[in-house]
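The opening residue of the sequence shown carries number 1 in the working numbering; numbering runs sequentially from there.
We put the beta carbon where it would ideally sit given N, CA and C, even for glycine.
Written out below as structure tokens is the structure these notes cover.
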Amino acid sequence: RECRREQLQAELHAQIGKALDERLKAGYRGMSARDIWDRLDAEAKSVPSIFRHITTVMDSRRT
Numbered sequence: 001r002e003c004r005r006e007q008l009q010a011e012l013h014a015q016i017g018k019a020l021d022e023r024l025k026a027g028y029r030g031m032s033a034r035d036i037w038d039r040l041d042a043e044a045k046s047v048p049s050i051f052r053h054i055t056t057v058m059d060s061r062r063t
């Protein structure tokens, strides 16, 4: 069960990272967590604490 949870979290973080990368590649200097949330699929949007996950990915890209 823990393995499945970790897999789902990794997939979610990959989806968030893809949305962020697409936006940056388009020439934007950054984006808000709300901008990323708008680009996620319905399943990802319904994840509890989704904005915490988005912030985690955004923070990992800043370093």
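Let's see if you can read the secondary structure: which residues bound the alpha helix (DSSP H) around residue i?
{"i": "Val47", "result": "Run containing Val47: none; DSSP gives neither H nor E here."}
{"i": "Ala26", "result": "Where Ala26 is concerned, there is no enclosing alpha helix (DSSP H), given that its DSSP letter is neither H nor E."}
If you run the structure through DSSP and keep just helix, strand and coil, what is residue i?
{"i": "Asp41", "result": "coil"}
Alpha carbon to alpha carbon, how far is residue j from residue i? Give it in angstroms, no decimals.
{"i": "Arg4", "j": "Ala44", "result": "15 Å"}
{"i": "Leu40", "j": "Gln15", "result": "7 Å"}
{"i": "Asp35", "j": "Ile50", "result": "13 Å"}
{"i": "Gln7", "j": "Arg1", "result": "10 Å"}
{"i": "Lys25", "j": "Arg52", "result": "23 Å"}
{"i": "Gly30", "j": "Ala10", "result": "22 Å"}
{"i": "Ile54", "j": "Ala33", "result": "6 Å"}
Looking at residue i: is its Cβ nearer than 8 Å to the Cβ of residue j?
{"i": "Gly17", "j": "Val47", "result": "no"}
Assuming the contact rule is C-beta atoms closer than 8 Å, residue i and residue j should be a hit. Round their C-beta distance to whole Å, please.
{"i": "Arg61", "j": "Leu20", "result": "6 Å"}
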